[in-house]
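Quick note on numbering: this note's numbering labels position 121 of the sequence shown as 672, and the sequence is numbered without any gaps.
Okay, structure first, notes after.
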Amino acid sequence: MNDLYAEIGTTPRFPKNITSYNETSRLAFIQAINRVVGPKGFMLFQEYNHSSWLPLFGLSVNLGLKRIILGNPLVALMMLEHDLTAGLAVPVELLVRERSREDGGGPDLVWNLPSSLVVAGSRDTELLKNAKRLDGLLEDLIWEVAGLGP
């Protein structure tokens with residue numbers, strides 16, 4: 552899990568501070584995004600630690616299971632400017648399970664490709680092209696975190 556956090560950082564606070572929608576605010580937002588995204592271009596939006604409550608129901612106390620919401624608003628913009636329903640596909644999500652040493656260690660990662668969530672039958676080729684680009688960025692991050700990257 553540490554490798555993932557090294558790539559995406561912690562949840563930023565700056566989106567909550569937007570008070571106006573002028574050019575100065577837009578440029579400040581872009582600069583803030585560029586400061587907090589990790590090496591692969593993603594930042595953490597939210598995480599849900601399923602490990603904190605699953606032991607109440609008899610599931611492994613050593614289970615490291617988190618749902619992580621991550622993305623980059625500037626990448627999402629490339630999809631949303633073509634179709635606002637693409638907001639269903641961004642930000643992206645990972646389900647990360649940290650395996651125990653007995654299970655071989657390291658993370659198990661599960662994800663949906665953003666392009667698979669774009670409205671079926673969309674004829675907007677730019678939307679689909681940008682969704683596929685996001686697929687590639689996400690998979691690059693996943694391979695890096697899984698230790699399979701270059």
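Ideal placement from N, C-alpha and C gives every residue a C-beta, glycine not left out.
All of these numbers come straight from a predicted model, not from anything done at the bench.
Please list, in chain order, all residues of the same chain as residue i whose beta carbon is under 7 Å from its beta carbon, the five residues on each side excluded.
{"i": "GLY638", "result": "LEU631"}
{"i": "ALA627", "result": "VAL641, PRO642"}
{"i": "GLY615", "result": "MET552, SER602, ARG648, GLU649"}
{"i": "PHE593", "result": "GLU558, ILE559, LEU621, GLY622, ASN623, LEU692"}
{"i": "GLU695", "result": "GLU558, LYS591"}
{"i": "ASP634", "result": "VAL670, SER673, ASP675, LEU678"}
DSSP on residue i, reduced to helix/strand/coil?
{"i": "VAL669", "result": "coil"}
{"i": "ASP659", "result": "strand"}
{"i": "ARG652", "result": "helix"}
{"i": "ALA697", "result": "coil"}
{"i": "THR676", "result": "helix"}
{"i": "GLY560", "result": "coil"}
{"i": "LEU692", "result": "helix"}
{"i": "LEU664", "result": "coil"}
In its own chain, which residues sit with a C-beta less than 8 Å from the C-beta of residue i, not counting the 5 before and 5 after it?
{"i": "TYR556", "result": "LEU595"}
{"i": "LYS683", "result": "SER666"}
{"i": "LEU679", "result": "SER666, VAL669, SER673"}
{"i": "VAL587", "result": "GLY560, PRO563, PHE565, MET594"}
{"i": "ALA697", "result": "GLY657, PRO658, LEU660"}
{"i": "TRP662", "result": "VAL643, GLU644, LEU645, LEU646, LEU689, ILE693"}
Could you name the residues of the same chain whose beta carbon sits closer than 6 Å to that of residue i, not counting the 5 residues immediately before and after it, in chain order?
{"i": "GLU598", "result": "LYS617, ILE619"}
{"i": "LEU625", "result": "ILE584"}
{"i": "LEU664", "result": "ASP686"}
{"i": "LEU689", "result": "VAL643"}
{"i": "GLY589", "result": "GLU558, ILE559, GLY560"}
{"i": "GLU574", "result": "none"}
List, from N- to C-terminal side, the alpha helix (DSSP H) runs of 4 residues or more that fit wholly inside the segment 567–649. 574–587, 624–631
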